[in-house]
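Q:
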Amino acid sequence: MTRVRRVANFRRLRVWIAATAIWMVPAHLPAQQIFQYQQTAPDVDPGIDHGNSAANLPDEFQKQLVFYRSLQPPGTIIIDTQERHLYLIQDETHAIRYGIGVGRDGFTWQGLLQISRKAEWPDWRPPPEMIERQPYLPRFMAGGPGNPLGARAMYLGNTVYRIHGTNAPETIGQAVSSGCFRLVNDDVSDLYSRVQVGTHVIVRQD
-12 MTRVRRVANF RRLRVWIAAT AIWMVPAHLP AQQIFQYQQT APDVDPGIDH
38 GNSAANLPDE FQKQLVFYRS LQPPGTIIID TQERHLYLIQ DETHAIRYGI
88 GVGRDGFTWQ GLLQISRKAE WPDWRPPPEM IERQPYLPRF MAGGPGNPLG
138 ARAMYLGNTV YRIHGTNAPE TIGQAVSSGC FRLVNDDVSD LYSRVQVGTH
188 VIVRQD
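Now the structure itself:
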């Protein structure tokens, strides 16, 4: 075998090994944070309550039953970050669609996570990464009106990310948060009542 052919075969082998390694990555593991979104609106400081209702949201962010094709089983949550929509699958062609606010520092993961915990009027403890970026934040805030997590929270796996309510309904449809997905309190309470711990959550970036 010539040297040129050996080099070509070696290169093909390296490509095959790399492709196999990517294929073998478990689907449930978070991927690196590779998407970056600019902040599109100012956030509201903790402790300020701007209301709970979706009444003032644009039509596209109002909760509604929509035509949506999916092979996922009913009860699955699909989040479309670019659209700023969360879909709760009802059947093969329908979903309940909610308007959401998304992270200004976009993120994605391969496959899916699950709701690992649910909480009503959750307390808020900003993670160290958030405090490092915003050292003025309180280290703890009890649940209630004005709490940035709003009326309900659904925790995603063992990450710091959540689907939760908000004290600032005007930020729905915006890229504002530090990675969580926010709904107005009326909507997050409705979603909370429809899903259970263990619900699969799929995040899509395109």
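Going by my numbering, the first residue of the sequence shown is number -12, and it counts up by one from there.
Cβ atoms here follow ideal geometry from the backbone N, Cα and C, with glycine treated the same way.
This one's a predicted model, so the numbers in the text were calculated from it and none came from an experiment.
Can you name, in chain order, every residue of its own chain whose Cβ lies under 6 angstroms from the Cβ of Arg191, other than the five neighbours on each side?
A: Position 204 of the sequence shown, counted from the first residue, corresponds to residue 191. Same-chain partners within the cutoff: Asp67.
Q: To the nearest angstrom, how far is the alpha carbon of Gly130 from that of Leu100?
A: Translated into the one-based positions of the sequence shown, residue 130 becomes position 143. Translated into the one-based positions of the sequence shown, residue 100 becomes position 113. Each residue's Cα considered, the two are about 25 angstroms apart.
Q: Taking 8 angstroms as the threshold (C-beta atoms), are Arg84 and His72 in contact?
A: In the sequence shown, the residue the question calls residue 72 occupies position 85. In the sequence shown, the residue the question calls residue 84 occupies position 97. In contact: His72 and Arg84 (Cβ atoms closer than 8 angstroms).
Q: So for Arg149, helix, strand or coil by DSSP?
A: The residue you call residue 149 lines up with position 162 of the sequence shown. If DSSP states are grouped into helix, strand and coil, Arg149 belongs with the strands.
Q: DSSP three-state call for Leu178: helix, strand or coil?
A: Looking up residue 178 in the sequence shown gives position 191. Leu178 falls in the helix class under three-state DSSP.
Q: Between Val163, Thr153, Ser164 and Ala138, which lies nearest to Ser180 when the distance is taken from Cα to Cα?
A: Taking the first residue of the sequence shown as position 1, residue 180 is located at position 193. Ranking the options by Cα distance to Ser180, first place goes to Ala138.
Q: Can you give me the start and stop residues for the beta strand (DSSP E) that Ile100 sits inside?
A: Locating residue 100 in the sequence shown gives position 113, counting from the first residue. The sequence shown places Leu at residue 100, rather than the Ile named in the question. Its beta strand (DSSP E) spans residues Leu100 to Glu107.
Q: Relative to the alpha-carbon of Lys50, which residue among Leu170, Ile189, His187 and Val182 has its alpha-carbon at the smallest distance?
A: Here the question's residue 50 lines up with position 63 in the sequence shown. The candidate whose alpha carbon is nearest that of Lys50 is Leu170.
Q: Name the two residues that bound the continuous beta strand (DSSP E) containing Phe54.
A: Your numbering for residue 54 matches position 67 in the sequence shown. Counting along the chain, the beta strand (DSSP E) containing Phe54 begins and ends at Gln51 to Phe54.
Q: Is the beta carbon of Arg126 closer than 8 angstroms to that of Arg149?
A: As a position in the sequence shown, residue 149 is number 162, starting the count at 1. As a position in the sequence shown, residue 126 is number 139, starting the count at 1. Contact flag unset, no.
Q: Hey, how far is the Cα of Val184 from the Cα of Ser103?
A: Numbered from its first residue, the sequence shown carries residue 184 at position 197. Numbered from its first residue, the sequence shown carries residue 103 at position 116. Approximately 6 angstroms between the Cα atoms of the pair.
Q: So, is Tyr123 buried or exposed, given that buried needs 16 or more other C-beta atoms within 10 angstroms?
A: By one-based count along the sequence shown, residue 123 stands at place 136. Exposed is the call here.
Q: Cα separation between Asp193 and Leu143?
A: Residue 193 sits at position 206 when you count from the first residue of the sequence shown. Residue 143 sits at position 156 when you count from the first residue of the sequence shown. When rounded, the distance between both Cα atoms is 20 angstroms.
Q: Roughly how many angstroms lie between the CA atoms of Pro146 and Tyr74, to the nearest whole one?
A: Sequence index remark: in the sequence shown, residue 146 carries index 159 (1-based). Sequence index remark: in the sequence shown, residue 74 carries index 87 (1-based). Residue identity check: residue 146 is Thr in the sequence provided, not Pro. Cα to Cα, Thr146 sits roughly 21 angstroms from Tyr74.
Q: Would you mind reading off the limits of the beta strand (DSSP E) that contains Met141?
A: Counting from 1 along the sequence shown, the entry for residue 141 is found at position 154. First-last of the beta strand (DSSP E) with Met141: Arg139 to Leu143.
Q: Which same chain residues, not among the five before or five after Ala82, have their C-beta less than 8 angstroms away from its C-beta?
A: Here residue 82 corresponds to residue number 95 of the sequence shown, with the count starting at 1. Taken in chain order, the residues that qualify are Leu52, Val53, Tyr55, Ser57, Ile65, Tyr74, Leu75 and Ile76.
Q: Between the Cα of Gln69 and the Cα atoms of Leu178, Met141 and Arg91, which residue gives the shortest distance?
A: Here residue 69 refers to the residue found at position 82 when the sequence shown is read from its first residue. Gln69 has its Cα closest to that of Arg91, out of Leu178, Met141 and Arg91.
Q: Looking at Gly88: is its Cβ nearer than 8 angstroms to the Cβ of Ser164?
A: Walking along the sequence shown from the start, residue 88 turns up at place 101. Walking along the sequence shown from the start, residue 164 turns up at place 177. Yes, the Cβ-Cβ distance between Gly88 and Ser164 is below 8 angstroms.
Q: Return yes when the Cβ of Pro114 is within less than 8 angstroms of the Cβ of Leu136, no when it is not.
A: Walking along the sequence shown from the start, residue 136 turns up at place 149. Walking along the sequence shown from the start, residue 114 turns up at place 127. Not in contact: Leu136 and Pro114 (Cβ atoms no closer than 8 angstroms).
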